[in-house]
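Q:
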Amino acid sequence: MENTANVLFSIGPLEVTKAVVSMWVIIAVIGIVSFIATRRLKDVPGPIQNAAEMAVAKLQDYFTGNMGAENARRYFPVMATFFVFIVVSNYSGLLPGAGKLFSVPTANLSTTAGLALIAFFTTHVVGVKRRGFVGYLKTFLTPFAVMLPLTLIEQLVRPLSLALRLYGNLYGEEMVTEQLGELFPLLLPLVMQVLSLLFCLIQAVVFTMLLSVYVTEAVEDEE
Amino acid sequence: MTSGIIALAAALAIALSTIGPAIAQGTTASKAMEAMARQPEMANTIRSNMIIALALMEALTIYGLLIAFMLIGKI
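Protein sequence lines correspond, in order, to chains A and B.
Under numbering that gives the first Met the number 0, the first residue of the first sequence is numbered 0, with each subsequent residue one higher.
Under numbering that gives the first Met the number 0, the first residue of the second sequence is numbered 0, with each subsequent residue one higher.
If you want it as structure tokens, here you go:
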């Protein structure tokens, strides 16, 4: 899926593509906004602090609904980071020049595969931490030891489907918008972009929801 | 000849992978509407859960779309 024309420069054997640079910019923007929002915390918040507080409160509510209060509080940082990063990079596709000047990081299989790998290891590390190594391995044998191959396949398919779902949606959306633009450049791509206002958010919600379900499954005690 | 077959395969990939999720989404939406009509006070919860479920089914179509794009790239 890598387009060699997108390589800007290389550091040693690593080729830095447009998507990587866009990702750096997005990380910097998120970092700067969070820094400004939390620099001088006040009792009566200003507009940026107010927006940040609202976002954190909404996310906390959402994860509490998914994982229960205690798990949500414990794993909030990783979940919220996933959510904020995916939302911002999805919406960056709506800025003018997306795909030409810069490319949307999540419309690139490498980025989403990276995210899915982080999610995969998060799940297992969290499970091992909570139950101990042997205890966590035992969960693969419940309820029946015969199911072991199926369970293993399921565990391995999860990151694959997470990566492909996010990548496919964003890439497909970009392609459809481009095709519509070729058909009739004026206003017609707007139809797809209005839809993508909705889809970008939903994809981020789905990614974090699945991750929270996996994490809950890894740490939860079975009856 | 080969490129014609590849084009046909791309069309089939997206067409066939639309059928299943379309049926599933129809069922989901109709059941959700039913539930909303029965319990209007739960409408918001049902709606957001329905949208997430729809997005999960949508992913299956998107897999087909990906394959179709890959096949078209091979022509």
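In this text, a Cβ means the ideal position worked out from N, Cα and C, and glycines have one as well.
With residue 93(A) as the anchor, note down where its beta strand (DSSP E) starts and where it stops.
A: Looking at the DSSP string, residue 93(A) is not in any beta strand (DSSP E), and its letter there is neither H nor E.
Q: Whole angstroms is fine: what's the gap from residue 62(B)'s alpha carbon to residue 72(A)'s?
A: 34 Å
Q: Do you know whose CA, among 67(A), 17(A), 47(A) and 174(A), lies nearest residue 109(A)'s CA?
A: Across the set 67(A), 17(A), 47(A) and 174(A), the C-alpha of 17(A) shows the shortest separation from the C-alpha of residue 109(A).
Q: My output table needs one value for residue 66(B): the three-state DSSP class, helix, strand or coil.
A: Residue 66(B): helix per DSSP, three-state reduction.
Q: I want to verify the contact list: residues of chain A whose CB lies under 9 Å from the CB of residue 51(B), in sequence order.
A: 201, 204, 205 and 208
Q: Taking only three categories from DSSP, how would you classify residue 121(A)?
A: helix
Q: Do residue 205(A) and residue 45(B) count as a contact pair if the criterion is CB distance below 8 Å?
A: No, the pair does not count as a contact, with Cβ atoms beyond the cut-off.
Q: Helix, strand or coil: which one does DSSP assign to residue 45(B)?
A: DSSP places residue 45(B) in helix when its eight states are reduced to three.
Q: Using the DSSP secondary-structure output, state which residues sit across from residue 9(A) in a beta bridge.
A: 14(A)
Q: Output needed in chain order: residues of the segment 68 to 81 of chain A with a Cβ under 8 Å from some Cβ in chain D.
A: The structure shown contains no chain D; its protein chains are A and B.
Q: For a contact defined as C-beta to C-beta under 9 Å, what are the partners of residue 12(B) on chain A?
A: What residue 12(B) touches in chain A: nothing, since even the nearest Cβ is about 13 Å away.
Q: Using the beta-carbon of each residue, which ones in chain B are nearer than 8 Å to residue 171(A)?
A: 61, 64, 65 and 68
Q: Quick check on DSSP: helix, strand or coil for residue 183(A)?
A: In the displayed model, residue 183(A) falls within coil according to three-state DSSP, outside both helix and strand.
Q: Taking just the CA atoms, how far does residue 114(A) sit from residue 161(A)?
A: 9 Å
Q: Alpha helix (DSSP H) containing residue 2(B): first to last residue?
A: 1 to 37
Q: Pull up the DSSP beta-bridge partners for residue 75(A), would you.
A: In the DSSP output, where bridge partners are listed per residue, residue 75(A) has none listed.
Q: Using the beta-carbon of each residue, which ones in chain A are nearer than 7 Å to residue 55(B)?
A: 205
Q: Closest Cβ-Cβ distance between residue 1(A) and chain B: below 8 Å?
A: Legend: pLDDT at residue 1(A) = 49, less than 50; position of this residue unreliable, no value from coordinates given.
Q: Is it a yes or a no for the segment 29 to 37 of chain A touching the segment 48 to 60 of chain A, going by three-plus beta-carbon pairs under 8 Å?
A: yes
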